[in-house]
Every structure is written in C-alpha cells, then in structure tokens.
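To start, the structure under review is shown below, and the notes come after it.
Residue numbers (our numbering): 1 to 305.
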C-alpha cells in the first residue's frame, strides 16, 4: 500500500523538473531575442543594401546630397520636409556675427541670461567667465557650445531680438524660404528648415574662412577662471582626420533627432551633405559612412530620390 504514494511522488518530481526546464528554455530564448534586438535594424539595412546595390538605405528621415559646384541632386530622401534643425542653427549664428563686422577680440562676459532655461543643458562656461568673441565663435561652431552662441546674440547691437531678426533676414536673402529662426542656439524646436534650405546655408557659410576653419577644427583650449578647458569637435569624422571635410556642423535636441551637415569631398567631388532627424546616437555618422561607400562603389551614381 505504500508503493503507490511513493510512485506518485516521484512522478510529481519529474513533472516539476520538466516544467522548470521549460521555463529556463523560454527565459533563455527571450534573453537571446533581446540581445539580438539591437542588431535587427542593422541587419535589415544590410539586406536591403545587398538586394539593391545601386541604392543606399539611410536611417536619417531627411537626406540631401548635392554636387557643390553644379547643384545637382545626387541623393534625396524626404528632402522637402520642414523640421527642427537644432544646433545646425549655429552656422547662421556665425554668419550673422561675422556679417556685422564686430571686433572678434572684444571680451565678452558670460551672463546668467546665457544659461539654457529651455532644456537645462550643461555648460562649463559659468556666469562671470570672460572670453573673446572669437573664442565664443570657435566654441559655438566646433563644440556646439550653447552659452557661447547665446552670448554672441546677447552682445549683438540691439541684443538677442535684433540678432534673431538678422538671422531671419539673412535666411530670406539666401532664398531659405522654408526656414525660421527663434534663437541663436537651436535649443528651441521652433528653429525649422528643410534640407534644400540648409544646403543653401552650408554653401553660404563655406564662403567664410573663419567658419570653415572653426567648424572643422578637431579640438581647442580656452582659459576660463584661470584654468584651461579642453573642447572637441562634435563631429567624430572631423576628429578622425580621414575625411576631407571643408565645413561641418552637428545638432541634436529630442524634437530634431541627430543632425549633421557637411561640405565634404567624396568620390572626387565637392558635395553638400544634409542629414536630419537620424535615430540612434551614431546613426548620422553611419549614414555618412554609407553615403561615402555608396558613392565610391556605385557604378552609375544616378540621382536617387
């Protein structure tokens, strides 16, 4: 009479063990799936590229690649979309500053007014720091320093309001009809434009030797409160010293995504490259690399739209 209960007990243990193995297998499957999840999008793009080698598949939501000399469109994706441009704004900030002919060696004191009250971004330029207008221009273009750009607008004749008005006037003079600026930093999502408008701005900014030099400088030091602060270019392609980049500017706020504009020499041509609203921290750089590879390996290089 005791054998039957023991057999039932052993059977229950076996069932429990099978259930445990099933749970472990299911858990492992989910974990493996999560680990592979990050590779899914990249794999999709690789498969798409392999299937259609004459096209390039990009993660930026708006793209334009133009021949800088002829204006011919080489690559286009959703180019006419009006969207926030983040710190790409600072190219216009630099042009307006230089157009006014202000003394670049004038010393400017960083004010609490220059602090970001909109996004709460960090800056090492504390209120009371003194820099030349030239240094502010360098940090705004190379390191995308928001307080530097804000100080340039605040100390403009007539103040920030006059500066922003000059930005919009400059945009109209360049034919940037779908562009609007409301601040000098790009922290506001109200600064909007399109890829063709930004191509015009890149071409115009490239005419300024200071903008070419500062936007492509890989690093710099400035003295603040008696200490040297090191800054680096926000575009990793500039720091790599492999690409032939004549002008560069990055941008990012949540509303705009990751943005990158360049005037660059690729496949023996001077090109304007506009990448807007790219998802993923490194996706704009990845898109630039994909465009480079496509241009250098494609046999036809027909305009793509």
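Yeah, the Cβ is synthetic: ideal placement off N, Cα and C, and Gly gets one too. Quick caveat, the model's predicted, so the values are computed rather than measured.
**Request:** Mind listing, in chain order, the continuous alpha helix (DSSP H) runs of no fewer than 4 residues lying wholly within the region 129-159?
**Result:** Within the region 129-159, the complete alpha helix (DSSP H) runs of at least 4 residues are 133-142, 146-154.
Exercise. Tell me, to the nearest whole angstrom, how far the beta carbon of residue 143 is from that of residue 232; I am working on the premise that it is less than 8 Å.
Key: About 7 Å separates the two Cβ atoms, so the contact holds.
Quiz prompt | Same chain, Cβ closer than 7 Å to residue 274, neighbours up to 5 away in sequence not counted | solution = Excluding sequence neighbours, residue 274 sits near 63, 64, 195, 198, 199, 261.
| request: Kindly indicate which residue of 114, 111, 103, 271 has the alpha-carbon position closest to the one of residue 134. | output: Comparing Cα positions, the closest option is 103.
### Message
Looking at the secondary structure, which residues open and close the beta strand (DSSP E) in which residue 87 lies?
### Response
No beta strand (DSSP E) holds residue 87; DSSP gives it neither H nor E.
My output table needs one value for residue 279: the three-state DSSP class, helix, strand or coil. DSSP places residue 279 in the coil class of the three-state scheme, outside both helix and strand.
For residue 244 and residue 264, which I take to be in contact (beta-carbon distance under 8 Å), what is that distance rounded to the nearest angstrom?
Yes, residue 244 and residue 264 are in contact; Cβ-Cβ is about 6 Å, under 8 Å.
Inset, instruction - Scan the region 186-262 and note each continuous beta strand (DSSP E) run of 3 residues or more that stays entirely inside, going in chain order. - result: Listed in chain order, the beta strand (DSSP E) runs fully inside the region 186-262 are 219-224, 227-232, 244-253, counting runs of at least 3 residues.
Whole angstroms is fine: what's the gap from residue 140's alpha carbon to residue 55's?
When rounded, the distance between both Cα atoms is 35 Å.
* For residue 290, which residues from the same chain have a beta carbon less than 7 Å from its beta carbon, with the 5 sequence-adjacent residues on both sides left out? -> Within its own chain, the residues whose Cβ lies closer than 7 Å to the Cβ of residue 290, once the five positions on either side in sequence are excluded, are 56, 58, listed in chain order.
Item to complete: Tell me, please, whether the region 179-191 touches the region 80-92 by the rule of three or more beta-carbon pairs shorter than 8 Å.
Response: Counting C-beta pairs with one atom in each stretch, the region 179-191 and the region 80-92 have three or more that are closer than 8 Å, which means they touch.
query: Taking contact to mean at least 3 C-beta pairs separated by less than 8 Å, is the region 182-191 in contact with the region 249-258?
result: With three or more CB-CB distances shorter than 8 Å, the region 182-191 counts as touching the region 249-258.
ask   = Going by DSSP, what residues sit across from residue 77 in a beta bridge?
value = Paired residues: 63.
**Q.** DSSP three-state assignment for residue 119, whether helix, strand or coil
**A.** Looking at residue 119 - three-state DSSP - the assignment turns out to be coil, as it is neither helix nor strand.
Practice prompt. Measure the alpha-carbon distance for residue 114 versus residue 78 and round it to whole angstroms.
Written response: Taking the Cα positions, residue 114 is about 35 Å away from residue 78.
- Whole angstroms is fine: what's the gap from residue 146's alpha carbon to residue 298's? Distance from the CA atom of residue 146 to the CA atom of residue 298, rounded to whole angstroms, is 39 Å.
For the beta strand (DSSP E) containing residue 108, name the first residue and the last one. Start and end: 107-109.
| said: Taking the alpha carbon of residue 165 as the reference point, which residue from 73, 96, 286 has its own alpha carbon closest? | reply: The shortest C-alpha to C-alpha distance from residue 165 to any of 73, 96, 286 is the one to 96.
- request: Return the bridge partner residues of residue 104 from the DSSP annotation.
  value: In DSSP, residue 104 forms no bridge with anything.
Check: Where does residue 269 sit, in a helix, a strand or coil, going by DSSP?
Finding: Annotated three-state conformation of residue 269 is strand, per DSSP.
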